[in-house]
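See below for the structure under consideration.
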Amino acid sequence: MICQHVKTAVQDEAGLFDRLLEYSGEVSKNENAAKEKSLRDAISRISFIEDASKALFEEKFKGNVPDSLFKKMLTDYEREITELNDKASDLQHHIQDNRNSRADIQRWLGILKECATIDRLDRATAYQLIDHVSVHEQCDECGIKLHNIQVKYNFVGCIS
Numbered sequence: 457m458i459c460q461h462v463k464t465a466v467q468d469e470a471g472l473f474d475r476l477l478e479y480s481g482e483v484s485k486n487e488n489a490a491k492e493k494s495l496r497d498a499i500s501r502i503s504f505i506e507d508a509s510k511a512l513f514e515e516k517f518k519g520n521v522p523d524s525l526f527k528k529m530l531t532d533y534e535r536e537i538t539e540l541n542d543k544a545s546d547l548q549h550h551i552q553d554n555r556n557s558r559a560d561i562q563r564w565l566g567i568l569k570e571c572a573t574i575d576r577l578d579r580a581t582a583y584q585l586i587d588h589v590s591v592h593e594q595c596d597e598c599g600i601k602l603h604n605i606q607v608k609y610n611f612v613g614c615i616s
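Per my numbering: the sequence shown = residues 457 to 616.
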């Protein structure tokens with residue numbers, strides 16, 4: 457199984473990278489770019505609201521804005537800033553998780569490509585590549601005893 461992954465990493469690294477991103481459930485480059493744009497928009501809107509709030513305070517201080525309007529606008533601005541801060545925080549976490557996932561996949565692919573020159577998997581290399589192996593209960597299908605074995609790799613998880 458590892459030999460197959462090594463061969464694929466050497467022959468089609470970009471394809472394997474994309475497949476691993478798919479397995480990990482990460483978003484595509486377009487979706488990530490859209491999240492980054494949404495984050496920039498939210499930060500820009502926060503800045504705009506902060507400036508508008510300052511201007512509102514100045515107008516209130518000058519007596520140009522009635523108390524009822526001032527309170528309503530200030531409440532609306534505070535609510536919107538809270539929502540935008542939450543949205544920006546979520547977007548930042550998603551973007552960072554995506555970057556971390558991509559870096560982990562690149563790291564794993566690097567280790568895989570190093571394995572292209574070895575003819576036998578040693579303990580140290582297996583330790584670098586594999587997190588753990590699960591051997592499930594034996595089942596009997598048509599008189600043949602089968603074990604389901606699941607390999608969870610470091611950095612990328614289980615790969616079909």
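All residues carry an ideal CB built from backbone N, CA and C; glycine is no exception.
These numbers come from a predicted model, not from an experiment.
Would you be able to state if there are at least three C-beta pairs under 8 angstroms between the stretch 599 to 607 and the stretch 494 to 506? The stretch 494 to 506 makes no contact with the stretch 599 to 607; the number of CB pairs closer than 8 angstroms stays below 3.
DSSP beta-bridge partners for D542? BP columns for D542 are empty, so no partner.
Spell out a yes or no on whether the stretch 457 to 477 and the stretch 511 to 528 are touching, meaning 3 or more CB-CB pairs, one atom from each, closer than 8 angstroms. Too few Cβ pairs lie closer than 8 angstroms, so no.
Leaving out five residues on either side along the sequence, give the residues of the same chain with a beta carbon under 8 angstroms from the beta carbon of Q594. For Q594, the CB contacts under 8 angstroms within the same chain, skipping 5 residues up- and downstream, are K601, L602, H603 in chain order.
Using a threshold of 9 angstroms, state whether the C-beta atoms of E585 and N610 are closer than that. It is Leu, not Glu, that sits at residue 585 in the sequence shown. Yes, the Cβ-Cβ distance between L585 and N610 is below 9 angstroms.
Would you check if the distance between the CB atom of K491 and the CB atom of N554 is smaller than 9 angstroms? Taking 9 angstroms as the Cβ cut-off, K491 and N554 qualify as a contacting pair.
Cα separation between A582 and I551? If you draw a straight line from the Cα of A582 to the Cα of I551, it is about 30 angstroms long.
If we ignore side chains and look at the alpha-carbon of each, how far apart do R579 and I615 end up? If I take the Cα positions, the gap works out to 20 angstroms.
Assigned secondary structure, V612 (DSSP; H/G/I helix, E/B strand, else coil): Correct three-state label for V612: coil.
Under 8 angstroms by Cβ, that's how I've got I561 and Y533 pegged, so tell me the actual separation to the nearest angstrom. About 42 angstroms separates the Cβ atoms of I561 and Y533, ruling out a contact at the 8 angstroms cut-off.
Report buried or exposed for C571, applying the criterion of at least 16 other Cβ atoms within 10 angstroms of its Cβ. With 16 or more other Cβ atoms within 10 Å, it is buried.
I567 vs I537 beta-carbon contact at 9 angstroms: No, the pair does not count as a contact, with Cβ atoms beyond the cut-off.
From D542 to H549, what distance separates their C-alpha atoms? So the two alpha carbons sit approximately 11 angstroms from each other.
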